[in-house]
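Beneath this line is the structure, given in structure tokens, with notes to follow.
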Amino acid sequence: MIAKIKRNAIWNEGATHWWLSPYTPQENFGLTHHQQDAAITLLINFSDRVTKFDAEIPLDSAVVKLQEGSYALSGNVLELAPRSAIVLTHDWM
1 MIAKIKRNAI WNEGATHWWL SPYTPQENFG LTHHQQDAAI TLLINFSDRV TKFDAEIPLD
61 SAVVKLQEGS YALSGNVLEL APRSAIVLTH DWM
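The numbering of the sequence shown is our numbering, which starts it at 1 and goes up by one.
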């Protein structure tokens, strides 16, 4: 599955968006790469607690491609379980 995600052409061209918003918890790592209207996002919660925050991407079009641990999406709020990660594809803003 990871090899398939890495082969996605979106990683080779386009632009990168680091999740640096003050609303994104410090213990989370977020990286979005986008090309025209399509995007792929990697989110990791490194902490020992659940993190809940406003997403920096539109979640209405999000499709989870890979997950480790659990997560919840509600409106534009994202919740990640401790020590979890997700990879999403979605529309770009």
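Cβ atoms here follow ideal geometry from the backbone N, Cα and C, with glycine treated the same way. No experiment lies behind these values; they were computed from the predicted model shown.
- If you ignore the 5 residues before and after Ala55, its C-beta comes within less than 6 Å of the C-beta of Asn76, Leu78, all in its own chain and listed in chain order.
- Annotation: the segment 2 to 70 contains the following complete segments of the beta strand (DSSP E) (minimum length 3 residues), in chain order: 15 to 18, 28 to 35, 38 to 45, 51 to 54, 63 to 68.
- Ala72 has Glu79 as its beta-bridge partners, per DSSP.
- In this structure, the straight-line span from the alpha carbon of Trp18 to that of Thr24 is close to 11 Å.
- Closest by C-alpha distance to Leu66, out of Thr51, Leu80, Ile57, Ile86, is Ile86.
- Rounded to whole angstroms, the gap between the alpha carbons of Pro82 and Thr89 is 22 Å.
- Using a 10 angstroms sphere on the CB of Ser74, the tally of other CB atoms stays under 16, which defines it as exposed.
- Taking a 10 Å sphere around the C-beta of Ser84, we find 16 or more other C-beta atoms and assign the residue as buried.
- Sequence-distant partners of Val50 (beyond 5 residues in either direction) whose C-beta falls short of 8 Å from its own C-beta, in its chain, are Glu79, Leu80, Ala81, Pro82.
- Of the other Cβ atoms in all chains shown, 16 or more fall within 10 Å of the Cβ of Leu43; this residue is therefore buried.
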